[in-house]
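Here is the structure we will look at, set down as C-alpha cells.
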C-alpha cells in the first residue's frame with residue numbers, strides 16, 4: 001500500500017507489520033516520527049532503534065523483532081540508514097510479515113530513486129505493508145501542511161501572508177515552519193498574521209539562506225560557507241535544517257558521479273547542472289565513502305545520542321563538500 005504524508009498520519013495508531021517512510025522533507029519526517037513515538041508511548045509499545053551501517057546490521061534488526069522484553073506485549077523497531085537488506089534479509093522480512101501481526105518495523109530512508117522503488121525490498125513491503133512517500137510537490141499541499149503547523153501554535157495567516165511566506169521559503173517546509181514559530185513569538189497578541197507582521201519579523205533573517213550555503217559549497221568557497229553557516233546558526237536556523245542541506249548536496253553529488261548523464265532525472269535544476277559538474281571535478285570521489293558515516297554522526301550529535309559537538313561535525317562536512325579537510329589525511 002502506498003500513502004502520502006497526510007494519509008500516513010491518520011494511520012499511525014493502527015500501524016503494524018512493516019512500514020517504509022522515505023523522502024527529502026525533514027519537517028514531514030520529523031512530524032511523522034513524533035506521531036509514531038507519541039502513539040507508542042500512549043499504547044505502552046516498547047521501542048527500539050537501530051542504525052544501519054552495513055548489510056549485516058539487518059541481522060540485529062530481525063533478531064530484535066523476536067526479542068520482546070518480559071514487560072511488553074508489543075514492539076516497535078525504528079530503523080535508520082540507506083542500506084537495504086540482502087536476499088537473506090528479504091527472506092527474514094517475509095517470514096516476519098507472515099508470522100507477526102502485532103509488532104511494527106518502521107524503516108526511515110532518504111528519498112529513493114525509481115530503481116530503488118522497484119527493488120525486492122520495496123515490493124515486499126508495498127505488497128504486505130505500507131510505503132509512505134514524504135513529499136509536498138504542489139503549492140496547495142505545502143500550504144495545507146503549513147496550515148496545520150500554524151494551527152498547532154494558535155495562529156492563522158491571511159492569503160497575502162501565505163503567498164509571501166511560500167515565496168520567501170520556496171519549497172523549504174522546515175524553514176517555513178520555523179518562520180511561523182518566530183512570527184508567533186514576535187507578535188503573541190496577533191492570532192491572524194498579515195504580511196506586515198511576517199515581513200517585519202523575517203526581513204532581517206533574509207540575508208542568507210540554506211540555498212546560499214549550497215551555492216557556496218558547490219563553488220568550493222569554504223570561507224563563505226563557514227560565514228553563511230555561522231550566520232544561519234546566529235539567526236536561529238536549526239541544526240537539522242542545515243544537516244538536511246548537507247545531506248541533499250552530498251547525495252546529489254554521489255548520485256551524479258555514478259550517473260553523470262542523469263542530472264535532470266536526479267532532481268538537479270538545469271541552471272545548476274554545471275555547478276555540480278564543476279564540484280565533481282574538484283572533489284576526490286574516494287572521500288565519498290566517508291560521507292554517509294559523517295552524516296550519521298551529525299544526526300546523532302544533533303539528537304543528543306553522542307557526545308560530539310554537532311557544529312564541529314557540520315564544519316567538517318562543509319569542508320568536505322568544499323573539497324578540503326579540517327584534519328590532516330593519514331596514509
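Numbering (UniProt numbering), first residue to last: 1 to 331.
Here a beta-carbon is modelled for each residue, glycine too, at the ideal position from N, C-alpha and C.
Since the model is a prediction, treat every value here as computed from it, not as a measurement.
Contact test: residue 163 Cβ vs the ligand NAP heavy atom, cutoff 7 Å: Of the ligands one can find in the structure shown there are none, so the ligand NAP has no counterpart to examine.
Residue 316, DSSP secondary structure in three states: If DSSP states are grouped into helix, strand and coil, residue 316 belongs with the helices.
Cβ contact (3+ pairs, closer than 8 Å) linking the segment 121-128 and the segment 5-15: Three or more beta-carbon pairs separated by less than 8 Å are not found between the segment 121-128 and the segment 5-15, which leaves the two stretches without contact.
Identity of the residues DSSP links to residue 22 by a beta bridge: In the DSSP assignment, residue 22 forms a beta bridge with 109 and 133.
Simplified DSSP state of residue 337, which is helix, strand or coil: Nothing can be reported for residue 337: it is not among the residues displayed for the chain, which extend from 1 to 331.
Reduced DSSP secondary structure (H/G/I, E/B, other) of residue 83: The three-state secondary structure of residue 83, taken from DSSP, is coil.
Residue 142 vs residue 166 beta-carbon contact at 8 Å: Against a cut-off of 8 Å, the Cβ pair of residue 166 and residue 142 comes out as a contact.
Own chain residues within Cβ distance below 8 Å of residue 145, not counting five before or after: Counting only Cβ-Cβ distances below 8 Å, and skipping sequence neighbours, we find 5, 6, 27, 28, 136 and 173.
Residue 83 beta carbon less than 8 Å from that of residue 52: Less than 8 Å divides the Cβ of residue 52 from the Cβ of residue 83.
Residue nearest to residue 156 in terms of C-alpha spacing, selected from 179, 289, 168 and 294: Ranked by Cα distance from residue 156, the first of 179, 289, 168 and 294 is 179.
Rounded separation between residue 169 and residue 125 - CA only: The alpha-carbon atoms of residue 169 and residue 125 are separated by roughly 34 Å.
Helix, strand or coil at residue 301 according to DSSP, with G and I counted as helix: If DSSP states are grouped into helix, strand and coil, residue 301 belongs with the helices.
Which of helix, strand or coil DSSP assigns to residue 235: Residue state, collapsed to three classes: coil.
When 187, 193 and 114 are compared against residue 22, the one with the closest alpha-carbon: Comparing Cα-Cα distances from residue 22 to each of 187, 193 and 114, the minimum goes to 114.
Test item: CB-CB of residue 175 and residue 241 under 8 Å: Taking the C-beta atoms as reference points, residue 241 is found nearer than 8 Å to residue 175.
Strand pairing of residue 2, partner residues [DSSP]: Per DSSP, 131.
Residues near residue 329 by beta carbon distance below 7 Å, same chain, minus five either side: The predicted position of residue 329 is uncertain, since its pLDDT is 49 and thus under 50; a value taken from the coordinates is nonetheless stated next. No residues qualify anywhere along the chain.
Coil, strand or helix - residue 242 by DSSP: Three-state result, residue 242: helix.
Other residues of its chain near residue 252: CB distance less than 8 Å, five sequence neighbours each side excluded: The beta carbon of residue 252 sits closer than 8 Å to the beta carbons of 266, 267, 268 and 276 from its chain, once the five residues preceding and following it are set aside; these are given in chain order.
Same chain, Cβ closer than 8 Å to residue 187, neighbours up to 5 away in sequence not counted: Closer than 8 Å at the Cβ level, and outside the excluded window around residue 187, lie 193, 197 and 201.
The alpha helix (DSSP H) enclosing residue 210, as first and last residue numbers: Its alpha helix (DSSP H) spans residues 210-218.
Neighbour-count burial assignment, residue 331, 16 or more Cβ in a 10 Å radius: Below a pLDDT of 50, predicted positions are generally treated as unreliable, and residue 331, at 39, falls in that range; no measurement from the model is reported.
Cross-strand partners of residue 76 (DSSP beta bridge): Partner(s): 47 and 104.
Those residues which DSSP pairs with residue 193 across a bridge: As DSSP reads the structure, residue 193 sits in a beta bridge with 157.
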